[in-house]
Amino acid sequence: LQDPEMASVKLEDCSQTLELNVNIKDEEEEEEKIGKCVNHAQKPISCSECGKSFKRSTSLKLHQRIHTGEKPYSCSACGASFSQLGSLKNHEPIHTGEKPYSCSECGKFHQRTHTGEKPYSCSECGKCYKTSTSLKVHQRTHTGEKPYSCSECGKCFKTSKSLKVHQRTHTGEKPYSCSECGKCYKTSTSLKVHQRTHTGEKPYSCSECGKCFKTSTSLKVHQRTHTREKPYSCSDCGKRFSLLVHQRTHTGEKPYYCSECGASFSQQGHLKNMDIYTNERSLTTALNVGRNSTDWAN
322 LQDPEMASVK LEDCSQTLEL NVNIKDEEEE EEKIGKCVNH AQKPISCSEC
372 GKSFKRSTSL KLHQRIHTGE KPYSCSACGA SFSQLGSLKN HEPIHTGEKP
422 YSCSECGKFH QRTHTGEKPY SCSECGKCYK TSTSLKVHQR THTGEKPYSC
472 SECGKCFKTS KSLKVHQRTH TGEKPYSCSE CGKCYKTSTS LKVHQRTHTG
522 EKPYSCSECG KCFKTSTSLK VHQRTHTREK PYSCSDCGKR FSLLVHQRTH
572 TGEKPYYCSE CGASFSQQGH LKNMDIYTNE RSLTTALNVG RNSTDWAN
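Numbering (the numbering used here), first residue to last: 322 to 619.
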């Protein structure tokens, strides 16, 4: 069946209407259809790709579509294809506007978005979550469990979504494109961050000095100028730093290149400084040449 973290609950306003990405009834019907061709196994059977175990061979066959990429169900309206019948049925209301799933619990899950209720807590660190699925995914940070492996390189991941994003490094797929400049990205998050270069949006502000940043990572790095935090320890000399760039003084790595002269630098800031210096020197030279020409003419 579909991986738990791929299942989601989409809630519309306060109308107590739900759209479930996993429709158990549909999947049971699908298993029944597959079951006509495949006998149910008496003992648990495991996937040859990732080792995940299943009680029924029909469940295994549905699961294997994650690895094979098989999507036998296609939408008659737009042609989009899906690996499971339930996913197709869940997609079709996009075209019709139909909302077939009504919450029998009167919006219990939805209310957590307003109340902030997080009833599922981690026994290791006490962190709380709105759903048991979110808690299960979080707990893998403690157990180290990475059940999803890449068939290309063997790298393992905590969630199927992380695996899917990683696989794009092999396929080269960049499905998210910027409407402003056409630049493409592997993830919707990367596209969203990029679009801020066009909009100028800087949603992350420092509580100490008010300086704003495009990404939470940039804000976090900046805040170390206030806290004096130095989380990175150099394996060569033992010194502590706020950034990892120090180690390049030992490795000699210089990943930033000047497109004009080919000079390389260990930090992006050094490259930018050289550009500023070069431009200023060119301007000074031009002014001096102009001044000398005037003096000679006089």
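In this text, a Cβ means the ideal position worked out from N, Cα and C, and glycines have one as well.
Quantities reported herein were computed from a predicted structural model and do not represent experimental measurements.
Next item on the list: Would you check if there are 3 or more beta carbon pairs closer than 8 Å linking the region 513-524 to the region 533-540?
Entry: The region 513-524 vs the region 533-540: in contact.
Check: Thinking just about the alpha-carbon of each residue, which of Thr389, Lys373 and Ser369 is nearest to the one in Gln488?
Finding: Thr389
Notebook entry, point to check: Going by the CB atoms, is the gap between His459 and Glu445 shorter than 7 Å?
Noted result: no
Item checked: Length-filtered (4 minimum) alpha helix (DSSP H) runs lying within the region 432-474 -> 453-464
Notebook entry, point to check: Out of Cys558, Ser500 and Lys507, which has the shortest C-alpha to C-alpha gap to Gln516?
Noted result: Closest by alpha carbon: Ser500.
Next item on the list: Taking Lys382 as the reference, give the member of Ser395, Ser367, Cys396 and Tyr394 with the closest Cα.
Entry: Ser367
Check: Would the beta-carbon of Cys477 fall within 7 Å of that of Lys485?
Finding: no
Check: Which class does Ser500 belong to by DSSP, given the choice of helix, strand or coil?
Finding: coil
Notebook entry, point to check: Under 7 Å between the Cβ atoms of Phe403 and Lys410?
Noted result: The answer is no: Cβ separation not under 7 Å.
Item checked: Inter-residue Cα distance where the pair is Gln544 and Thr538 -> Taking the straight line joining both Cα atoms gives about 10 Å.
Margin query: Measuring straight from C-alpha to C-alpha, what distance separates Cys579 and Phe586?
Written below: 8 Å
Margin query: I need the straight-line Cα distance from Thr548 to Gly559, nearest angstrom please.
Written below: 20 Å
Checklist line | CB-CB length for Ala398 against His416, believed under 8 Å | finding: Rounded, the Cβ-Cβ distance is 4 Å, consistent with contact.
Check: Roughly how many angstroms separate the alpha carbons of Leu512 and Pro365, rounded to a whole number?
Finding: 42 Å
Next item on the list: Rank Gly573, Gly493, Cys396 and Thr518 by C-alpha distance to the C-alpha of Thr508 and give the top, closest one.
Entry: Of all alpha-carbon atoms in Gly573, Gly493, Cys396 and Thr518, the one lying nearest the alpha-carbon of Thr508 is that of Gly493.
Checklist line | For Ser511, the first and last residue of its enclosing alpha helix (DSSP H) | finding: Ser509 to Thr520
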